[in-house]
Amino acid sequence: MYDFHTHSEFSVDGRYSMEDFAEKAIEKNMRCICFTDHIDLETGKDRIDIGFIPYDYFKKAKQVKYNYKNKIEVLAGVEIGIKPELKKRYDELIKNNPFDFVILSIHAIDTLDIHYDNYTKGKSPLEAINAYYDYMYQCIESYDNYDVLGHIDYIDRYFDTPGLIPEFNTYSSKVEKVMKKIISAKKGIEINTAGLRYGLDYFHPKADILKLYKELGGEIITIGSDAHTPEHLNYEYESVRKFLKYLGFKNIYIFRERKKFPVFID
Ligand SMILES: [Zn+2]
Ligand SMILES: [Zn+2]
Numbered sequence: 711m712y713d714f715h716t717h718s719e720f721s722v723d724g725r726y727s728m729e730d731f732a733e734k735a736i737e738k739n740m741r742c743i744c745f746t747d748h749i750d751l752e753t754g755k756d757r758i759d760i761g762f763i764p765y766d767y768f769k770k771a772k773q774v775k776y777n778y779k780n781k782i783e784v785l786a787g788v789e790i791g792i793k794p795e796l797k798k799r800y801d802e803l804i805k806n807n808p809f810d811f812v813i814l815s816i817h818a819i820d821t822l823d824i825h826y827d828n829y830t831k832g833k834s835p836l837e838a839i840n841a842y843y844d845y846m847y848q849c850i851e852s853y854d855n856y857d858v859l860g861h862i863d864y865i866d867r868y869f870d871t872p873g874l875i876p877e878f879n880t881y882s883s884k885v886e887k888v889m890k891k892i893i894s895a896k897k898g899i900e901i902n903t904a905g906l907r908y909g910l911d912y913f914h915p916k917a918d919i920l921k922l923y924k925e926l927g928g929e930i931i932t933i934g935s936d937a938h939t940p941e942h943l944n945y946e947y948e949s950v951r952k953f954l955k956y957l958g959f960k961n962i963y964i965f966r967e968r969k970k971f972p973v974f975i976d
């Protein structure tokens, strides 16, 4: 079992140490855990940088990696909150630090954070969701130093009730455009199981999007729980594994030093 989306105390919304996560991962018989703590540059209306100091992060991650090396593999990645105009700053960050894995996430649309600023409020659901996928496309068109696109239909969490989420076919052409771009850029997507903890009855992304990804030739998928507490490590991992197999995927992928490795789904 591999968890490629986890948040330690190096994330603004994390409280548990890397050791806490490593201990729990060992208890859960996991093979590998990859920390993907947050860096969100120029976020919110005030455009402030939120994130960890890479020097401290890697110092700690290296210690934990070494201390647990006989029991579990520990990797250090990052989840970046992208905006098209931040290309240069993120390029510098990624280039200058030895990340194993980079998740690209859309947490905000321009200056409005989807969660903190209630992005969907005051807009029709279709207007909000169209703007979200248009913005996602702009982001991946302008920035390509990443490995997987994170929690693709994250915005679904932020409608007042799940019943307000537009039918997939009303905006699927926009998602298709995003998927094609990811595949042609040889990037991947993640399955993020946190959707199930946020009132949805599916993982991110939902089955419609996964099927579309498969149909278009997409293969690269990582699995992550988005755990902010060690208990959530590998959350619903088995269901994802079975579902991917059912959809016809042969492998999932893990990353080390930004290189991808297939892991056969048995
Ligand atoms: Zn995220
Ligand atoms: Zn996350």
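Quick note on the numbering used here: the sequence shown kicks off at 711 and runs consecutively. Where is the CB? At the ideal position from N, CA and C, for every residue including glycine.
1) Considering only the alpha carbon of each residue, which of Lys738, Pro872, Ser727 lies closest to Gly905?
2) Given 7 Å as the limit, tell me if Asp936 has its C-beta closer than that to any heavy atom belonging to ligand 2.
3) Excluding five sequence neighbours on each side, which residues of the same chain lie with their C-beta closer than 8 Å to the C-beta of Asp713?
4) What residues in its chain sit with their C-beta under 8 Å from that of Asp723, if we drop five residues either side in the sequence?
5) Write down the C-beta distance between Asn807 and Phe768 rounded to the nearest angstrom, noting that I regard them as a contact closer than 8 Å.
6) In its own chain, which residues sit with a C-beta less than 6 Å from the C-beta of Tyr912, not counting the 5 before and 5 after it?
7) If you draw a straight line from the C-alpha of Lys833 to the C-alpha of Asp866, how long is it?
8) Do Glu929 and Asp810 count as a contact pair if the criterion is CB distance below 8 Å?
9) Does the distance between the C-beta of His825 and the nearest non-hydrogen atom of ligand 1 fall short of 7 Å?
10) Please list the segments of the alpha helix (DSSP H) lying wholly inside the region 754-793, counting only runs of 4 or more residues, in order along the chain.
11) With 16 other CB atoms within 10 Å as the buried threshold, where does Pro972 fall?
12) At which residues does the alpha helix (DSSP H) containing Asn840 begin and terminate?
13) By the 10 Å Cβ neighbour count, where 16 or more other Cβ atoms means buried, how is Thr830 classified, buried or exposed?
14) Is Thr939 near ligand 2, going by C-beta to nearest heavy atom under 7 Å?
15) With distances taken from CA atoms, which of Asp857, Asn840, Ile875, Phe953 is nearest Ile893?
16) For the structure I just gave you, are there three or more beta carbon pairs, one from the region 814-828 and one from the region 783-800, closer than 8 Å?
17) Whole angstroms are fine: how far does the CA of Glu941 sit from the CA of Phe965?
18) Closer than 7 Å: is that where the CB of His715 sits relative to any heavy atom of ligand 2?
19) On a CA-only basis, which of Glu795, Ile919, Ile975, Leu751 is nearest Asn879? Give me that one, please.
20) What is the DSSP secondary structure of Lys831, reduced to helix, strand or coil?
21) Taking 8 Å as the threshold (C-beta atoms), are Tyr800 and Leu1034 in contact?
22) Could you check the C-alpha separation between Phe953 and Ala895 for me, to the nearest Å?
23) Are the C-beta of Asp756 and some C-beta of chain B separated by less than 8 Å?
24) For ligand 1, enumerate in chain order all residues having a CB closer than 6 Å to any of its heavy atoms.
Reading off the structure:
1) Reading the sequence shown from its first residue, position 195 is the one you call residue 905. The shortest Cα separation from Gly905 among Lys738, Pro872, Ser727 belongs to Pro872.
2) Position 226 of the sequence shown, counted from the first residue, corresponds to residue 936. True, at least one ligand heavy atom lies under 7 Å from that Cβ.
3) Residue mapping note: residue 713 aligns to position 3 of the sequence shown, counting from 1. For Asp713, where only same-chain residues beyond five positions count, the Cβ hits under 8 Å are Ala735, Met740, Cys742, Ile743, Cys744, Ile933, Gly934, Ser935, Ala937, Leu943, Asn944, Tyr947.
4) Position 13 of the sequence shown, counting from 1, holds the residue named residue 723. Excluding sequence neighbours, Asp723 sits near His717, His748, His938.
5) As a position in the sequence shown, residue 807 is number 97, starting the count at 1. As a position in the sequence shown, residue 768 is number 58, starting the count at 1. Contact annotation, Asn807 with Phe768: C-beta distance approximately 7 Å; criterion of less than 8 Å satisfied.
6) The residue you call residue 912 lines up with position 202 of the sequence shown. Excluding positions up to five away in sequence, the list reads Gly905.
7) As a first step, residue 833 is located in the sequence shown; it is residue number 123 there, counting from the start. As a first step, residue 866 is located in the sequence shown; it is residue number 156 there, counting from the start. Spanning the alpha carbons of Lys833 and Asp866 requires a straight line of approximately 14 Å.
8) Mapped onto the sequence shown, residue 810 falls at position 100. Mapped onto the sequence shown, residue 929 falls at position 219. In this structure, Asp810 keeps its C-beta atom at 8 Å or more from the C-beta atom of Glu929.
9) The residue you call residue 825 lines up with position 115 of the sequence shown. For His825, the Cβ stays outside the 7 Å cut-off from all heavy atoms of ligand 1.
10) Taking only runs of at least 4 residues, the alpha helix (DSSP H) segments lying wholly in the region 754-793 are 764-777.
11) By 1-based counting over the sequence shown, the position of residue 972 is 262. It is exposed - the Cβ of Pro972 has fewer than 16 other Cβ atoms within 10 Å.
12) Residue mapping note: residue 840 aligns to position 130 of the sequence shown, counting from 1. That run of the alpha helix (DSSP H) goes 835-852.
13) As a first step, residue 830 is located in the sequence shown; it is residue number 120 there, counting from the start. With a threshold of 16 other beta carbon atoms within 10 Å, Thr830 meets it and is buried.
14) Translated into positions along the sequence shown, residue 939 becomes position 229. The answer is no for Thr939.
15) As a working mapping, residue 893 is identified with position 183 in the sequence shown. Ranking the options by Cα distance to Ile893, first place goes to Asp857.
16) Touching, per the Cβ criterion.
17) Against the sequence shown, residue 965 aligns to sequence position 255. Against the sequence shown, residue 941 aligns to sequence position 231. Those two C-alpha atoms are separated by around 23 Å.
18) The count along the sequence shown starts at 1 and reaches residue 715 at position 5. Within the cutoff, so yes.
19) Within the sequence shown, residue 879 is the residue found at index 169, counting from 1. It is Ile919.
20) Residue 831 sits at position 121 when you count from the first residue of the sequence shown. Lys831: coil per DSSP, three-state reduction.
21) In the structure as shown, the chain begins at 711 and stops at 976. Residue 1034 is therefore absent and cannot be evaluated.
22) As a first step, residue 953 must be located in the sequence shown, where it is residue number 243. As a first step, residue 895 must be located in the sequence shown, where it is residue number 185. Near 25 Å, if we compare the C-alpha coordinates of Ala895 and Phe953.
23) The structure shown has no chain B; it contains just one protein chain.
24) The answer, residue by residue, is Glu789, Ser815, His817, Gly860, His861.
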